[in-house]
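The opening position of the sequence shown corresponds to residue 112 in our numbering, with each subsequent residue numbered one higher.
Virtual Cβ for every residue (Gly too), placed ideally from N, Cα, C.
These numbers were taken from a predicted model, which means no experiment stands behind them.
Here the structure is laid out as structure tokens; the discussion comes afterwards.
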Amino acid sequence: MLSGDVPDIINIYPQNMDFQEWAKAGYFADMTGKPYLENIKNDYAEKYAINNKIYSVPLTANLYGIYYNKTKFKELGLEEPKTFKEFQEIVKKIKDSGNSPFAVAGNEGWTLNGYHQLSLITLTGSGDAANNYLRFSKPNAISADDAILKADAERLDLLADNAQDGWRGASYNDAVVAFSSEKALMMPQGSWALAAINQQDPKFEVGMFAFPGEEVGKEVTVGAGDMALSTSATTKHPKETEEFISYMTSPKAMQSYYDVDGSPVAVKGIQEKEDSALAAISKLAFTDKHYVWLGQRWNSEEDFFNLSAGYLMDKNLKNMANNLNAFFNPMKADLD
């Protein structure tokens with residue numbers, strides 16, 4: 112990209128900071144007002160607009176939630192939680208039954224990113240409110256005494272106190288195997304993990320529910336455009352790229368994609384499988400309950416992954432507050 116050798120068509124995550132910077136620098140063609148955007152649900156492409164212009168067509172999206180063993184839930188008389196309090200009660204019942212509630216990959220902080228972001232989104236009330244607390248507050252404003260951070264820690268504690276044996280050193284694959292082999296009945300993870308779960312050939316029905324809020328009806332998910340196409344501003348084949356994007360935003364093209372991949376599709380007119388493990392949470396896709404990753408407004412993410420995992424390890428709230436400030440303070444240089 113930086114050498115100027117931009118492919119005619121490129122698939123790039125539109126929430127990423129590099130995409131945003133390249134769009135501002137003029138690498139991508141302006142798609143604003145193109146007829147094919149009318150095929151996208153709920154103006155979803157607008158979520159990734161740069162200076163009110165569209166440079167990406169998101170065709171699919173990922174979602175983060177809680178995978179669960181539907182078969183075992185039925186045996187234990189459990190239902191999907193509608194509030195966070197119900198979620199806590201379910202965790203206790205699972206533990207009391209002699210099972211591990213969660214499969215956690217303590218050795219790979221990125222796997223906890225969605226859970227931690229959803230915790231903060233539900234506690235503050237929205238993605239913007241979460242970033243106002245984290246990213247757009249004054250330097251060193253985040254404190255272990257904050258009610259928000261204390262409640263956030265309570266949600267993280269739920270994982271740390273109820274994970275499978277050996278979770279601290281567990282990898283992403285270890286967590287998938289633990290869940291798929293019924294060593295844990297739930298796993299916080301993204302829609303991308305379903306393929307890995309199915310590869311393990313689980314002997315139970317897999318389901319997924321959204322992160323529950325404080326009240327009924329406040330459940331949410333987080334994710335972003337996954338397969339998302341941009342075109343080069345300097346392509347020598349503008350007609351062909353336009354035709355290709357138009358085709359890819361058609362139900363014909365994306366129905367075939369969905370039938371194989373199963374991820375939520377942003378194109379209108381797709382027939383989704385009612386028996387999919389993602390069926391329930393997919394109903395939130397492309398709605399106001401489907402937040403874009405908070406990192407869309409950050410200039411990096413890795414340290415947030417690490418501090419999330421670090422808190423699960425030591426449960427030291429003061430350390431987490433300090434680490435959050437250390438992470439976000441450099442981003443706040445432009446704040447008054």
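**Report entry** N-terminal and C-terminal residue of the beta strand (DSSP E) that valine 403 is part of
**Finding:** Your numbering for residue 403 matches position 292 in the sequence shown. Where valine 403 is concerned, the enclosing beta strand (DSSP E) starts and stops at 401–403.
Query - Residue range of the alpha helix (DSSP H) that includes proline 299 - result: Sequence index remark: in the sequence shown, residue 299 carries index 188 (1-based). Counted as a single uninterrupted DSSP element, the stretch harbouring proline 299 is not any alpha helix (DSSP H) but the beta strand (DSSP E) occupying residues 297–301.
For tyrosine 138, count the other beta carbons within 10 Å of its own beta carbon; 16 or more makes it buried, fewer makes it exposed. Which is it?
Locating residue 138 in the sequence shown gives position 27, where the first residue counts as 1. Counting the other CB atoms within 10 Å of its CB gives tyrosine 138 a total of 16 or more, which places it among the buried residues.
### Task
Over the uninterrupted beta strand (DSSP E) stretch that includes asparagine 178, give me the two end residues.
As a working mapping, residue 178 is identified with position 67 in the sequence shown. Looking at the sequence shown, residue 178 is not asparagine but tyrosine. Run containing tyrosine 178: 175–180, per the beta strand (DSSP E) assignment.
- Message: For the pair the segment 338–345 and the segment 162–172, tell me if three or more CB-CB distances fall below 8 Å.
- Response: With a cut-off of 8 Å, the segment 162–172 and the segment 338–345 count as touching, because enough Cβ pairs lie within range.
By the 10 Å Cβ neighbour count, where 16 or more other Cβ atoms means buried, how is glycine 188 classified, buried or exposed?
Start at 1 with the first residue of the sequence shown, and residue 188 comes out as number 77. With fewer than 16 other Cβ atoms within 10 Å, it is exposed.
Below 6 Å CB to CB, which residues in the same chain sit around isoleucine 151 once its five sequence neighbours on both sides are set aside?
-> As a working note, residue 151 is residue 40 in the sequence shown. Excluding residues up to 5 positions away in sequence, Ala377 lie with their Cβ nearer than 6 Å to the Cβ of isoleucine 151 in the same chain.
Subject >> Whole-angstrom distance between phenylalanine 439 and alanine 252, CA atom to CA atom >> reply: For the purposes of this step, residue 252 is identified with residue 141 of the sequence shown, where counting begins at 1. For the purposes of this step, residue 439 is identified with residue 328 of the sequence shown, where counting begins at 1. Looking at the two C-alpha atoms, the distance is approximately 10 Å.
(message) Using C-beta distances below 8 Å, list every residue in its chain close to serine 211, excluding the 5 sequence neighbours before and after it, in chain order.
(response) On the sequence shown, position 100 is the one that residue 211 refers to. Cβ neighbours of serine 211 beyond the five flanking positions: Ile205, Asn273, Ala274, Gln275, Asp276, Ala289, Lys294, Ala295 and Leu296.
Identify which residue in Tyr358, Lys400 and His227 has its Cα closest to the Cα of glutamate 149.
Indexing the sequence shown from 1 puts residue 149 at position 38. The shortest C-alpha separation from glutamate 149 is found at Tyr358.
Next on the checklist: Run through the DSSP bridge pairs and tell me what serine 317 is partnered with.
Outcome noted: Along the sequence shown, one-based indexing puts residue 317 at 206. At residue 317 the sequence reads valine, which differs from the serine that was named. In the DSSP output, where bridge partners are listed per residue, valine 317 has Asn180.
Does the distance from the CB of valine 333 to the CB of glycine 324 come in under 8 Å? Position 222 of the sequence shown, counted from the start, is the residue given in the question as residue 333. Position 213 of the sequence shown, counted from the start, is the residue given in the question as residue 324. No, the Cβ-Cβ distance between valine 333 and glycine 324 is not below 8 Å.
Does the Cβ of leucine 113 have 16 or more other Cβ atoms within 10 Å, making it buried, or fewer, making it exposed?
In the sequence shown, the residue the question calls residue 113 occupies position 2. Leucine 113 is exposed by the Cβ-count criterion.
What are the residues that DSSP puts in a beta bridge with glycine 334? Counted from its first residue, the sequence shown places residue 334 at position 223. In the DSSP output, where bridge partners are listed per residue, glycine 334 has Val403.
- Task: Could you pull out every residue in the same chain whose Cβ sits closer than 6 Å to the Cβ of tyrosine 179, ignoring the five residues on either side in sequence?
- Result: Position 68 of the sequence shown, counted from the first residue, corresponds to residue 179. Cβ within range, chain order: Met297 and Gly318.
Residues bridged to leucine 340 [DSSP beta-bridge criterion]
As a first step, residue 340 is located in the sequence shown; it is residue number 229 there, counting from the start. Residue pairing by DSSP places leucine 340 opposite Asn122 and Val168 in a beta bridge.
- Can you tell me which of Gly115, Thr222, Ala432 and Ile121 puts its alpha carbon nearest to the alpha carbon of phenylalanine 355? Stepping through the sequence shown from its first residue, residue 355 is reached at position 244. The shortest C-alpha separation from phenylalanine 355 is found at Ile121.
Could you give the first and the last residue of the continuous alpha helix (DSSP H) run that contains arginine 266? To locate residue 266, count along the sequence shown from 1; it is residue 155. Judged by DSSP secondary structure, arginine 266 falls within the alpha helix (DSSP H) whose first and last residues are 258–271.
(Q) So isoleucine 259 and leucine 223 are supposed to be a Cβ contact under 8 Å. How far apart are they, rounded? (A) Start at 1 with the first residue of the sequence shown, and residue 259 comes out as number 148. Start at 1 with the first residue of the sequence shown, and residue 223 comes out as number 112. A Cβ-Cβ distance of about 18 Å is found for the pair isoleucine 259 and leucine 223, leaving them out of contact under the 8 Å criterion.
Item to check | Per-residue burial, threonine 171 [other beta carbons within 10 Å of its own, 16 or more giving buried] | outcome: Within the sequence shown, the letter at position 60 stands for residue 171. The Cβ neighbour count for threonine 171, taken over all protein chains shown within 10 Å, is at least 16; the residue is labelled buried.
| Using DSSP with H/G/I as helix, E/B as strand and the rest coil, what is phenylalanine 397? | Taking the first residue of the sequence shown as position 1, residue 397 is located at position 286. Here phenylalanine 397 sits in coil by DSSP.
Determine the DSSP secondary structure at phenylalanine 247, reduced to helix, strand or coil. Here the question's residue 247 lines up with position 136 in the sequence shown. Three-state result, phenylalanine 247: coil.
| Grouping DSSP H, G and I as helix and E and B as strand, with all else coil, what is valine 378? | Position 267 of the sequence shown holds residue 378. Collapsing the DSSP output to three states places valine 378 in a strand.
Going by DSSP, what residues sit across from isoleucine 161 in a beta bridge? For the purposes of this step, residue 161 is taken as the residue at position 50 of the sequence shown. In the DSSP output, where bridge partners are listed per residue, isoleucine 161 has Lys164.
**Buried/exposed call for glutamine 310, threshold 16 Cβ in 10 Å** = Residue mapping note: residue 310 aligns to position 199 of the sequence shown, counting from 1. Under the 10 Å beta carbon count, glutamine 310 is surrounded by fewer than 16 other beta carbons and is classified as exposed.
Exercise. Looking at the structure shown, is alanine 214 part of a helix, part of a strand, or coil, going by DSSP?
Worked result: Within the sequence shown, the letter at position 103 stands for residue 214. Reduced to three states, the DSSP call for alanine 214 is coil.
Helix, strand or coil: which one does DSSP assign to isoleucine 253? In the sequence shown, residue 253 corresponds to position 142, counting from 1. Three-state DSSP puts isoleucine 253 in coil, outside helix and strand.
ask   = Going by Cα to Cα distance, which pick from Leu229, Ala240 and Asn153 is closest to glycine 301?
value = Working through the sequence shown from its first residue, we reach residue 301 at position 190. Shortest Cα-Cα distance from glycine 301 to any of Leu229, Ala240 and Asn153 involves Leu229.
Cβ neighbour criterion (16 or more within 10 Å) applied to asparagine 450
Only positions 112 to 447 of the chain appear in this structure, which leaves residue 450 out of reach.
Worksheet entry | alpha helix (DSSP H) segment containing aspartate 154, residue limits | Sequence index remark: in the sequence shown, residue 154 carries index 43 (1-based). Segment: none, aspartate 154 is in no alpha helix (DSSP H) and carries neither H nor E.
- prompt: Distance, Cα to Cα, phenylalanine 416 vs glutamate 219?
  reply: Within the sequence shown, numbered from 1, the residue matching residue 416 stands at position 305. Within the sequence shown, numbered from 1, the residue matching residue 219 stands at position 108. Each residue's alpha carbon lies about 8 Å from the other.
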